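S.K.: Which chain is which? The protein sequence lines are A and B, in order. Using our numbering, the first residue of the first sequence is number 234, and each one after it goes up by one. Using our numbering, the first residue of the second sequence is number 7, and each one after it goes up by one.
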Amino acid sequence: MSDLSFPTDTNQQMSPNTQLGYSALSYQGDFVSAASSRGRLVLEAKNLTKVYKLGFPSKDYISAVRNANIALYEKSVVALVGESGSGKSTIASLLAGQIPKTSGEIVLNGNSVNVKSNRKFRAYKSEVQMVFQDPFASLNSIHKVRHHLKRPISIHQPHLKKSAVEKEIYSLLHQVRLLPADQFIDKFPYELSGGQRQRVAIARSLAARPKVLLADEPVSMLDVSIRLEVLSLIDDLRDRFNLAVLYVTHDIASARYFADETVVIYGGDIVERGPSEDVTQNPAHPYTQLLVSAAPNPDDLGGSIRNAKLTAGTTKPRQTESALTSGIGCRFTPRCPFADRKCEEQFPPLVTISENRQVACWHIEQSLPNVSFKKISPKSQSTAEITLQGAHSAFGSEHTGSNHISHNVSDQFDTDGHSKTSQPAVPERDSEDGTVA
Amino acid sequence: MTIPFEKHRIPTSDIGVSGSLTTSSASLLSVRDLSVEYRGERTTKAVKNVNFELRKGEILGIAGESGCGKSTLAYAITNMLKHPAYITSGEVLYAQGDSGNTVDILRLEHEQLRNFRWTEISMVFQSAMNALNPVTSLKKQFSDIFLAHKPGMTKAERLEKSIRLLEMVGLNKNIINQFPHELSGGMRQRVVIAMALCYMPNIVIMDEPTTALDVVIQRDILDEIIRLQKELNFSIIFITHDISLLLEISDRLLIMYAGEIAEQARTEAIVSRALHPYTNGIMLSIPDLYGQRRELRGIPGMPPDLSLDIPGCPFRPRCSEAFEPCSTWPPPKIFVANEPDHFVRCHKYGSSDFMGGA
Numbered sequence: 234m235s236d237l238s239f240p241t242d243t244n245q246q247m248s249p250n251t252q253l254g255y256s257a258l259s260y261q262g263d264f265v266s267a268a269s270s271r272g273r274l275v276l277e278a279k280n281l282t283k284v285y286k287l288g289f290p291s292k293d294y295i296s297a298v299r300n301a302n303i304a305l306y307e308k309s310v311v312a313l314v315g316e317s318g319s320g321k322s323t324i325a326s327l328l329a330g331q332i333p334k335t336s337g338e339i340v341l342n343g344n345s346v347n348v349k350s351n352r353k354f355r356a357y358k359s360e361v362q363m364v365f366q367d368p369f370a371s372l373n374s375i376h377k378v379r380h381h382l383k384r385p386i387s388i389h390q391p392h393l394k395k396s397a398v399e400k401e402i403y404s405l406l407h408q409v410r411l412l413p414a415d416q417f418i419d420k421f422p423y424e425l426s427g428g429q430r431q432r433v434a435i436a437r438s439l440a441a442r443p444k445v446l447l448a449d450e451p452v453s454m455l456d457v458s459i460r461l462e463v464l465s466l467i468d469d470l471r472d473r474f475n476l477a478v479l480y481v482t483h484d485i486a487s488a489r490y491f492a493d494e495t496v497v498i499y500g501g502d503i504v505e506r507g508p509s510e511d512v513t514q515n516p517a518h519p520y521t522q523l524l525v526s527a528a529p530n531p532d533d534l535g536g537s538i539r540n541a542k543l544t545a546g547t548t549k550p551r552q553t554e555s556a557l558t559s560g561i562g563c564r565f566t567p568r569c570p571f572a573d574r575k576c577e578e579q580f581p582p583l584v585t586i587s588e589n590r591q592v593a594c595w596h597i598e599q600s601l602p603n604v605s606f607k608k609i610s611p612k613s614q615s616t617a618e619i620t621l622q623g624a625h626s627a628f629g630s631e632h633t634g635s636n637h638i639s640h641n642v643s644d645q646f647d648t649d650g651h652s653k654t655s656q657p658a659v660p661e662r663d664s665e666d667g668t669v670a
Numbered sequence: 007m008t009i010p011f012e013k014h015r016i017p018t019s020d021i022g023v024s025g026s027l028t029t030s031s032a033s034l035l036s037v038r039d040l041s042v043e044y045r046g047e048r049t050t051k052a053v054k055n056v057n058f059e060l061r062k063g064e065i066l067g068i069a070g071e072s073g074c075g076k077s078t079l080a081y082a083i084t085n086m087l088k089h090p091a092y093i094t095s096g097e098v099l100y101a102q103g104d105s106g107n108t109v110d111i112l113r114l115e116h117e118q119l120r121n122f123r124w125t126e127i128s129m130v131f132q133s134a135m136n137a138l139n140p141v142t143s144l145k146k147q148f149s150d151i152f153l154a155h156k157p158g159m160t161k162a163e164r165l166e167k168s169i170r171l172l173e174m175v176g177l178n179k180n181i182i183n184q185f186p187h188e189l190s191g192g193m194r195q196r197v198v199i200a201m202a203l204c205y206m207p208n209i210v211i212m213d214e215p216t217t218a219l220d221v222v223i224q225r226d227i228l229d230e231i232i233r234l235q236k237e238l239n240f241s242i243i244f245i246t247h248d249i250s251l252l253l254e255i256s257d258r259l260l261i262m263y264a265g266e267i268a269e270q271a272r273t274e275a276i277v278s279r280a281l282h283p284y285t286n287g288i289m290l291s292i293p294d295l296y297g298q299r300r301e302l303r304g305i306p307g308m309p310p311d312l313s314l315d316i317p318g319c320p321f322r323p324r325c326s327e328a329f330e331p332c333s334t335w336p337p338p339k340i341f342v343a344n345e346p347d348h349f350v351r352c353h354k355y356g357s358s359d360f361m362g363g364a
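What follows is the structure, encoded as structure tokens:
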């Protein structure tokens with residue numbers, strides 16, 4: 234497949250250092266995933282690309298995912314955030330081996346993976362399991378819970394005897410806290426609530442004793458009061474089973490609480506990544522800023538949207554398919570407030586702006602006007618200087634009190650990872666927002 | 007069990023304050039003692055003795071988890087329920103425009119009901135995908151509405167009005183000839199909203215209008231709804247499970263649990279001083295993007311099966327603050343002093359009908 238001539242990105246360099254004309258405002262050390270401190274690297278996607286050919290009569294291609302690099306570490310959660318159609322589920326399916334990749338590499342435990350034969354696919358599946366969005370559709374309604382758990386056990390652990398399988402089923406039900414297990418084992422899916430079904434789905438994926446759990450919107454179909462329970466269950470299981478978790482979601486607020494690293498994806502490109510708290514409190518890419526400002530804010534009493542000046546067109550229309558197929562330039566251009574010619578013509582590379590943050594935008598200076606990045610030589614990484622003063626969201630003044638954001642930047646930058654390495658030479662003071670030092 | 011469901015009394019002096027039980031002049035819709043059950047092998051009581059009022063130009067939020075009866079309530083208000091659902095008690099009084107007459111929507115018959123719906127109360131359904139007909143163009147679907155309600159309109163008039171409606175919700179008029187599958191989810195939802203506003207109704211009931219949409223599109227739609235509501239000054243009953251969204255847009259909130267209203271208050275009061283343990287539980291289980299990270303706590307357990315008789319408080323099995331009377335006595339409806347419209351159904355605040363000031 235790889236010899237097809239895709240309109241992909243041969244001219245796109247992932248390394249920022251080779252880009253001419255980039256005002257090298259970057260931290261030039263190596264990028265380190267915020268999730269890496271948790272444990273060993275388990276699953277890694279390198280330059281993962283998926284191109285779909287549009288059907289007859291069109292001869293166009295859509296690149297659903299372009300050059301995605303994602304690393305999943307033991308006991309860590311990486312959140313993949315984006316809107317529908319951004320390619321986040323495609324990445325999950327690619328990693329799960331459900332759909333063939335166009336190019337790139339998937340590395341599991343240090344070995345490059347190619348799941349072409351059934352046997353290899355099954356072996357891969359015993360390491361990498363997936364939990365789907367809709368627990369009402371992902372369980373077979375004519376089979377009992379017992380059957381749903383027995384099948385994966387007998388497939389992935391064929392040596393087990395009947396009594397051992399039964400024991401394993403009970404232990405799985407215990408693990409996902411479907412208690413008392415006796416009551417649940419002979420139930421049909423329709424007798425269970427949404428949260429319980431999702432627990433069965435999680436138990437089923439654990440039956441293979443995987444190293445990696447790919448959770449594709451695991452809670453978006455559940456009620457608000459149930460969601461947190463399921464999320465904390467996954468959170469708990471990753472510790473107990475040393476799981477590396479990919480949490481695919483459109484809800485960036487839950488990523489803040491649940492994930493170590495948040496990766497924001499737009500139109501198939503990773504546009505920003507970094508520690509969840511940083512990305513949500515101080516979004517750098519205009520799209521992340523849009524996502525954050527669009528999220529409902531419970532503290533926003535009475536609603537700024539109700540009291541705000543009613544201006545139409547703050548959020549520009551959604552991108553058309555042609556933009557997805559054209560392949561050049563930043564895909565966020567049509568909706569971006571900072572977009573100019575360059576954005577249309579050149580693809581912004583993912584630039585490392587601090588030890589564990591990367592952003593793909595030609596206009597970081599504008600989207601984060603109060604951030605000063607000092608160019609440093611690779612040798613003196615330890616003096617990377619990052620000064621942040623109340624970053625302004627491009628959309629912030631419309632929907633969110635921008636004071637929320639600025640207030641929190643100071644809170645969060647006191648404690649985050651940068652402070653170890655950053656020694657701001659000139660701590661700027663801001664009388665309202667307090668000092669970041 | 008022979009305990010009367012609502013054993014509270016309302017001192018006459020306070021009636022003026024507790025707006026939920028009186029008909030003030032601004033009240034547009036008043037739902038009284040409404041109960042709905044689904045009849046079958048086991049009868050499911052989906053809505054139990056619900057009282058509330060909708061005022062002119064306000065956004066009333068109804069929040070609750072799936073199966074708590076919030077959609078059933080919406081259908082009951084517009085008298086749309088069919089077998090096996092039956093309205094067992096109550097009335098829905100609608101104050102009709104200029105005349106000042108009130109009609110009980112539940113007593114309207116065929117033709118009257120047909121004239122009433124869409125012109126006085128319209129509804130926006132959850133999934134815009136299914137609310138539109140996939141095999142006819144938008145033009146045809148708009149025409150259908152006009153043909154059904156105002157057969158006198160000419161073809162040109164119908165087209166013109168459809169285009170005006172589309173433009174009103176921020177859509178390009180060129181899509182009038184397109185089919186629903188050619189539109190994005192957000193556009194479809196806008197079309198459905200445009201259709202609901204065909205006759206400038208006084209009340210629009212929105213049942214999870216943004217649930218299937220992306221966050222950004224959801225924000226667009228909400229902005230659009232608020233803008234239209236300000237311009238046209240209709241009242242909205244906004245039903246959703248996403249309480250964080252309601253906190254932002256609604257004037258008053260009803261928190262439903264197991265078919266009952268667990269708490270009703272002005273939105274600010276819910277944010278600053280939610281009283282019911284369930285409301286508190288939900289508030290603590292929403293991950294937020296702003297402010298300090300706080301500890302999130304879910305609510306253990308799951309909502310009760312409404313087909314079973316629930317003695318005492320329906321929230322008791324999941325409540326961390328439950329104590330002895332909770333399992334036997336239905337909680338009284340307790341009004342909060344100095345806070346008009348705020349009531350809570352919980353034993354925690356004593357058995358008297360009014361709790362002291364803050």
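Note that the Cβ used here is the ideal one computed from N, Cα and C, for glycine as well. Note that the coordinates shown come from a computational prediction; the quantities given were computed from them, not determined experimentally.
1. When you compare the CB of A/ALA188 with every CB in chain B, is at least one pair closer than 8 Å?
2. Under 8 Å, with one C-beta from each stretch per pair, do the segment 427 to 437 of chain A and the segment 321 to 333 of chain A reach the 3-pair mark?
3. Where do the N-terminal and C-terminal ends of the beta strand (DSSP E) with B/SER39 fall, by residue?
4. Taking the beta carbon of A/PRO413 as the centre, do at least 16 other beta carbons fall within 10 Å, making it buried, or is it exposed?
5. Determine the contact status of B/THR345 and B/ALA280, defining contact as a CB-CB distance below 8 Å.
6. Less than 8 Å between the CB atoms is what I'm expecting for B/CYS204 and B/TRP124, so what's the real figure, rounded?
7. Round the Cβ separation of A/GLN579 and A/PHE264 to the nearest angstrom and send it over; I've been treating them as touching at under 8 Å.
8. Would you please verify whether the beta carbon of A/GLU505 is less than 8 Å from any beta carbon of chain B?
9. Applying the 10 Å Cβ sphere with the 16-neighbour rule, what's the burial state of A/THR616?
10. Let me know the secondary structure DSSP gives B/GLU97 once reduced to three states.
11. Is DSSP giving A/ALA593 helix, strand or coil here?
12. Just the chain B side, please: which residues come within less than 9 Å of A/ARG489 by C-beta, in chain order?
13. Return the residues of the segment 221 to 236 of chain B that lie within a Cβ-Cβ distance of less than 8 Å from chain A, sorted by chain order.
14. Between B/ILE288 and A/VAL512, is the Cβ-Cβ spacing less than 8 Å?
15. Determine the direct distance from the alpha carbon of A/LEU439 to that of A/ALA397, and round the result to whole angstroms.
16. Quick one: which chain B residues come within Cβ less than 9 Å of A/GLU316?
17. Report the neighbours of B/SER72 on chain A: residues whose CB is nearer than 8 Å to its CB, in chain order.
18. Taking B/PRO306 as the query, report the chain D residues whose CB atoms sit under 8 Å from its CB, ordered along the chain.
19. Below 8 Å on the Cβ atoms is my guess for B/LYS62 versus B/SER241; work out the distance and round it to an integer in Å.
20. When we look at the beta-carbon of B/GLY244 and count the other beta-carbons within 10 Å, is it buried (16 or more) or exposed?
21. Whole angstroms are fine: how far does the CA of B/GLY318 sit from the CA of A/GLU307?
22. Restricting to Cα atoms, I'd like to know which of B/LYS146, B/VAL175, B/LEU177, B/MET174 is closest to B/ALA162.
23. For a contact defined as C-beta to C-beta under 8 Å, what are the partners of B/GLY287 on chain A?
24. Just to check my reading of the structure: B/LEU295 and A/ALA486 have Cβ atoms closer than 8 Å, yes? What is that Cβ distance to the nearest angstrom?
25. Answer yes or no: does any C-beta atom of chain B fall closer than 8 Å to that of A/ILE485?
26. Closer than 8 Å is the cut-off here; do at least three beta carbon pairs connect the segment 293 to 306 of chain A with the segment 500 to 507 of chain A?
27. Answer with buried or exposed for A/ASN589, where buried requires no fewer than 16 other C-beta atoms within 10 angstroms of its C-beta.
28. Span of the beta strand (DSSP E) holding A/LEU276?
29. Roughly how many angstroms lie between the CA atoms of A/VAL478 and B/SER313, to the nearest whole one?
30. Give the DSSP-derived three-state secondary structure of A/LEU447 in the structure shown.
31. So B/LEU302 contacts chain A; which residues on that side make the cut at Cβ distance below 9 Å?
32. Considering only the beta carbon of each residue, do B/LEU302 and A/LEU405 sit closer than 8 Å?
33. What does DSSP give as the partner residues of A/ASP508 in its beta bridges?
34. What residues are listed by DSSP as bridge partners for B/ARG258?
35. Decide if A/PHE628 is buried, meaning its Cβ has at least 16 other Cβ atoms within 10 Å, or exposed.
36. With a CB to CB cut of under 8 Å and the five nearest residues on each side skipped, what residues in its chain are close to B/SER41?
M.R.: According to the structure data:
1. Since the first residue of chain A shown is 234 and the last is 670, residue 188 of chain A is not available in this structure.
2. no
3. By one-based count along the second sequence, residue 39 of chain B stands at place 33. Checking the displayed sequence, the identity of residue 39 of chain B turns out to be Asp instead of Ser. Here the beta strand (DSSP E) through B/ASP39 covers 33 to 44.
4. Taking the first sequence and counting its residues from 1, one reaches residue 413 of chain A at position 180. The residue is exposed, with fewer than 16 neighbouring Cβ atoms inside 10 Å.
5. Along the second sequence, one-based indexing puts residue 345 of chain B at 339. Along the second sequence, one-based indexing puts residue 280 of chain B at 274. In the sequence as displayed, the identity of residue 345 of chain B is Glu instead of Thr. Result no, Cβ atoms of B/GLU345 and B/ALA280 do not sit closer than 8 Å.
6. Sequence index remark: in the second sequence, residue 204 of chain B carries index 198 (1-based). Sequence index remark: in the second sequence, residue 124 of chain B carries index 118 (1-based). Contact flag correct, Cβ pair sits at about 7 Å.
7. Here residue 579 of chain A corresponds to residue number 346 of the first sequence, with the count starting at 1. Here residue 264 of chain A corresponds to residue number 31 of the first sequence, with the count starting at 1. In fact, because the Cβ distance is near 21 Å, the residues do not count as touching under 8 Å.
8. The sequence position of residue 505 of chain A within the first sequence is 272, counting from 1. Not an interface residue.
9. In the first sequence, counting from the first residue as 1, residue 616 of chain A sits at position 383. Reliability of the predicted coordinates at A/THR616 is poor, the pLDDT of 34 falling under 50, and the value obtained from them is presented with this limitation in mind. Label assigned to A/THR616: exposed.
10. The residue given as residue 97 of chain B occupies position 91 in the second sequence. DSSP places B/GLU97 in strand when its eight states are reduced to three.
11. Stepping through the first sequence from its first residue, residue 593 of chain A is reached at position 360. Here A/ALA593 sits in coil by DSSP.
12. To locate residue 489 of chain A, count along the first sequence from 1; it is residue 256. The answer, in chain order, is PRO293, ASP294, LEU295, ARG299.
13. VAL221, VAL222, ILE223, GLN224, ARG225, ASP226, LEU228, ASP229, ILE232, ARG233, LYS236
14. Position 282 of the second sequence, counting from 1, holds the residue named residue 288 of chain B. Position 279 of the first sequence, counting from 1, holds the residue named residue 512 of chain A. Cβ atoms of B/ILE288 and A/VAL512: not closer than 8 Å.
15. Start at 1 with the first residue of the first sequence, and residue 397 of chain A comes out as number 164. Start at 1 with the first residue of the first sequence, and residue 439 of chain A comes out as number 206. So the alpha carbons of these two residues sit roughly 16 Å apart.
16. For this step, residue 316 of chain A is matched to residue 83 along the first sequence. Within 9 Å Cβ-Cβ: ASP220, VAL221, VAL222, ILE223.
17. Within the second sequence, residue 72 of chain B is the residue found at index 66, counting from 1. Simply GLY427, ASP456.
18. This model lacks chain D altogether; the protein chains it does include are A and B.
19. For the purposes of this step, residue 62 of chain B is taken as residue 56 along the second sequence, with counting starting at 1. For the purposes of this step, residue 241 of chain B is taken as residue 235 along the second sequence, with counting starting at 1. Confirmed, about 6 Å.
20. Start at 1 with the first residue of the second sequence, and residue 244 of chain B comes out as number 238. The sequence shown places Phe at residue 244 of chain B, rather than the Gly named in the question. Buried, because 16 or more other Cβ atoms sit within 10 Å of the Cβ of B/PHE244.
21. Taking the first residue of the first sequence as 1, we reach residue 307 of chain A at position 74. Taking the first residue of the second sequence as 1, we reach residue 318 of chain B at position 312. Whole-angstrom Cα-Cα distance: 47 Å.
22. Along the second sequence, one-based indexing puts residue 162 of chain B at 156. Out of B/LYS146, B/VAL175, B/LEU177, B/MET174, B/LYS146 has the C-alpha closest to the C-alpha of B/ALA162.
23. Within the second sequence, numbered from 1, the residue matching residue 287 of chain B stands at position 281. Under the 8 Å cutoff, chain A gives SER458.
24. As a position in the second sequence, residue 295 of chain B is number 289, starting the count at 1. As a position in the first sequence, residue 486 of chain A is number 253, starting the count at 1. Contact flag correct, Cβ pair sits at about 5 Å.
25. Mapped onto the first sequence, residue 485 of chain A falls at position 252. Yes, because at least one Cβ of chain B sits closer than 8 Å to the Cβ of A/ILE485.
26. yes
27. As a first step, residue 589 of chain A is located in the first sequence; it is residue number 356 there, counting from the start. Burial call: buried.
28. If you number the first sequence from 1, residue 276 of chain A lands on position 43. Start and end: 274 to 286.
29. Locating residue 478 of chain A in the first sequence gives position 245, counting from the first residue. Locating residue 313 of chain B in the second sequence gives position 307, counting from the first residue. Between A/VAL478 and B/SER313, the C-alpha separation is close to 39 Å.
30. Reading the first sequence from its first residue, position 214 is the one you call residue 447 of chain A. Note: A/LEU447 maps to strand in three-state DSSP.
31. As a working note, residue 302 of chain B is residue 296 in the second sequence. Those within 9 Å of B/LEU302 in chain A are LEU461, LEU464, SER465, TYR490.
32. As a working note, residue 302 of chain B is residue 296 in the second sequence. As a working note, residue 405 of chain A is residue 172 in the first sequence. No, Cβ-Cβ distance for B/LEU302 and A/LEU405 is not below 8 Å.
33. By 1-based counting over the first sequence, the position of residue 508 of chain A is 275. Per the sequence presented here, residue 508 of chain A reads as Pro, with Asp not at that position. Beta-bridge pairing links A/PRO508 to A/GLU494.
34. The count along the second sequence starts at 1 and reaches residue 258 of chain B at position 252. The partner list for B/ARG258 (beta bridge, DSSP) reads B/LEU66, B/ARG272.
35. For the purposes of this step, residue 628 of chain A is identified with residue 395 of the first sequence, where counting begins at 1. Interpretation of A/PHE628 is limited by its pLDDT of 48, a score under 50 that renders its predicted location unreliable; the figure taken from the coordinates is listed afterwards. The residue is buried, with at least 16 neighbouring Cβ atoms inside 10 Å.
36. For this step, residue 41 of chain B is matched to residue 35 along the second sequence. LYS51, VAL53, LYS54, ASN55, VAL56, ILE93, THR94, SER95, GLY96.
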